[in-house]
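Enquirer: Sharing a structure below in structure tokens format, with a few things to ask.
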Amino acid sequence: MPTSPIHTSRNKMLQPAIPESRVEIAGAFTPNPNYARGTVLGIVTATGKYSAYNDALADGTQVAKAICKYDIRVDANGRVAFTNNGAINEHGQTFPNAPVFIEGSFRTTDVVGHDPNGVADLGKIVSGVLADGMLRLT
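All residue numbers for the sequence shown refer to our numbering, where the first residue is 22 and numbers rise by one.
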């Protein structure tokens with residue numbers, strides 16, 4: 022008898038350029054309307070939670086630590102919803118954290134919010150240039 026899946030995910034994720042080279046962990050996030058997949062993340066010192074990397078700040082997020090794997094929305098309580106073009110998943114589920122990459126090789130064209138200092142924090146450009154190259158997280 023044919024069956025249909027209960028849940029199908031249409032959420033796109035950041036794909037490493039070399040899939041076997043990646044290491045990902047679960048990370049808690051600070052409340053923010055949206056984080057796009059590929060967003061460079063720092064850790065807010067006061068909370069220990071991920072937030073968008075910003076080299077101009079002095080709250081811990083000035084040091085790039087990871088890259089967001091999925092498009093997510095974080096509510097005021099820090100609960101994560103996986104999104105697809107801004108729409109929350111069909112079941113409205115939220116979670117305490119979301120996966121982030123801490124090692125791997127990624128196309129810089131897939132990474133959001135990086136700059137030379139953030140790249141130096143994360144690893145290095147192993148080929149090409151900042152705007153169109155290969156970033157190796159170490």
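For each residue, glycine too, the CB sits at the ideal point set by N, CA and C.
Just so it is clear, the structure is predicted and the values come from calculations on it, not from any experiment.
On the criterion of 16 or more Cβ atoms from any shown chain inside 10 Å, does PHE116 qualify as buried, or is it exposed?
Expert: Residue numbering aside, residue 116 sits at position 95 when the sequence shown is read from its first letter. PHE116 is exposed by the Cβ-count criterion.
Enquirer: In this structure, how does DSSP classify CYS89 when only helix, strand and coil are distinguished?
Expert: Translated into the one-based positions of the sequence shown, residue 89 becomes position 68. The answer is strand: DSSP assigns CYS89 an E or B state.
Enquirer: Can you find at least 3 beta carbon pairs, one from the stretch 64-84 and one from the stretch 34-42, that sit closer than 8 Å?
Expert: No, because fewer than three Cβ pairs between the stretch 64-84 and the stretch 34-42 fall closer than 8 Å, the two stretches do not touch.
Enquirer: Taking LYS70 as the reference, which of THR51, VAL44 and ALA79 has the closest Cα?
Expert: On the sequence shown, residue 70 is found 49 positions in, with the first residue counted as 1. Among THR51, VAL44 and ALA79, the Cα nearest to that of LYS70 belongs to THR51.
Enquirer: Hey, ILE109 and ALA119 are a contact pair by Cβ (cut 8 Å); roughly how many whole angstroms apart?
Expert: The residue labelled residue 109 in the question sits at position 88 within the sequence shown. The residue labelled residue 119 in the question sits at position 98 within the sequence shown. 13 Å between Cβ atoms; not a contact.
Enquirer: Quick one: what's SER126 bridged to in DSSP?
Expert: Position 105 of the sequence shown, counted from the start, is the residue given in the question as residue 126. SER126 pairs with ARG157.
Enquirer: Under three-state DSSP, which class holds GLY48?
Expert: Here residue 48 refers to the residue found at position 27 of the sequence shown. If DSSP states are grouped into helix, strand and coil, GLY48 belongs with the strands.
Enquirer: Please classify LEU35: does DSSP put it in a helix, a strand, or coil?
Expert: Within the sequence shown, the letter at position 14 stands for residue 35. Looking at LEU35 - three-state DSSP - the assignment turns out to be coil, as it is neither helix nor strand.
Enquirer: Going straight from the alpha carbon of GLY59 to that of GLY149, what length do you get?
Expert: Position 38 of the sequence shown, counted from the start, is the residue given in the question as residue 59. Position 128 of the sequence shown, counted from the start, is the residue given in the question as residue 149. The straight-line gap from Cα to Cα measures roughly 18 Å.
Enquirer: What's the C-alpha gap between ALA87 and ASN105?
Expert: For this step, residue 87 is matched to residue 66 along the sequence shown. For this step, residue 105 is matched to residue 84 along the sequence shown. Roughly 21 Å separates the two Cα atoms.
Enquirer: How long is the line joining the alpha carbons of ASP153 and VAL133, rounded to whole angstroms?
Expert: By 1-based counting over the sequence shown, the position of residue 153 is 132. By 1-based counting over the sequence shown, the position of residue 133 is 112. Straight-line Cα distance between these residues: approximately 12 Å.
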